[in-house]
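A quick write-up on the structure given underneath.
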Amino acid sequence: DAKTTQPTSMDCAEGRAANLPCNHSTISGNEYVYWYRQIHSQGPQYIIHGLKNNETNEMASLIITEDRKSSTLILPHATLRDTAVYYCIVRGNFGNEKLTFGTGTRLTIIP
Amino acid sequence: GAVVSQHPSWVICKSGTSVKIECRSLDFQATTMFWYRQFPKQSLMLMATSNEGSKATYEQGVEKDKFLINHASLTLSTLTVTSAHPEDSSFYICSARVVAGVWMETQYFGPGTRLLVL
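Protein chains in written order, with the numbering used here: chain A, 204 to 314; chain C, -2 to 115.
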């Protein structure tokens, strides 16, 4: 069963903020929300992860709703190099818990 | 962030031959590494979990005798595709789990190895 739901595709204008939503209504208390992206023909790149507080790093911000049932990844100033498939993954942080990739959101940055 | 390398980046081989792919964690030690496979226009599918010094754990439907995994050190895991056939042509990607330290606990992925079996 899919633990997350993401839109299949999105477009965003270059220089604007890209907001990628993710629903994870069945998330449990010990599960984190991870975001990865995969640029064409490359391995996935870790972006950010969080449990319940909003997180920010040099790449992006992660906003998690108070009930933890959804989150939004924000790329503040999208560039053409941000064109990729973005994966939202829910995963526990214990032992050998796996990252299970869904279909993700194909984000296209428009010049 | 942590760096994971793979070698080779691409390989072409004849049907029936075996191909070895290396996955290395360059600046950290990884007790656990993972192997994924990705077919065109599809998402990544986990093949197996590789633990240093022990046998790999394979996902359902993945033949352990065909995809041999060795994780002999804390920085190296290898995947050998034995008797490769055209249907094994795919993009193979490894990842390494960072268990502690500055980068917290997450997985970092290698750049992938594209295998084409003729």
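Note that beta-carbon positions come from the ideal geometry of N, C-alpha and C, so glycine has one too.
Item: Min CB distance tyrosine 249 of chain A to chain C below 8 angstroms; Value: yes
Item: Same chain, Cβ closer than 6 angstroms to asparagine 116 of chain C, five either side skipped, listed in chain order; Value: Nothing can be reported for residue 116 of chain C: it is not among the residues displayed for chain C, which extend from -2 to 115.
Item: Option nearest phenylalanine 106 of chain C by Cα separation, candidates C:Lys17, C:Phe25, C:Val8, C:Cys10; Value: C:Phe25
Item: Coarse secondary structure for valine 99 of chain C, derived from DSSP in three states; Value: The pLDDT assigned to valine 99 of chain C is 42, lower than 50, so where the model puts this residue is not dependable, and the model offers no usable value.
Item: Cross-strand partners of lysine 11 of chain C (DSSP beta bridge); Value: Beta-bridge pairing links lysine 11 of chain C to no other residue.
Item: Beta-carbon contacts of leucine 283 of chain A that lie in its chain and below 8 angstroms, excluding the five residues immediately before and after; Value: Glu217, Ile312, Pro314
Item: Spatial neighbours of threonine 110 of chain C in its chain, beta-carbon cut-off 8 angstroms, leaving aside the 5 residues before and after; Value: Gln3, His4, Pro5, Ser6, Trp7, Val8, Ile18, Phe88, Tyr89, Ile90
Item: Contact check, glycine 253 of chain A vs tyrosine 235 of chain A, beta carbons under 8 angstroms; Value: yes
Item: Alanine 93 of chain C versus aspartate 270 of chain A: straight-line alpha-carbon distance, rounded; Value: 31 angstroms
Item: Nearest neighbour of threonine 28 of chain C, chosen from C:Pro37, C:Ser80, C:Glu102, C:Glu56 [CA to CA]; Value: C:Glu102
Item: Bounding residues of the beta strand (DSSP E) (the contiguous stretch that carries phenylalanine 31 of chain C); Value: 29 to 35
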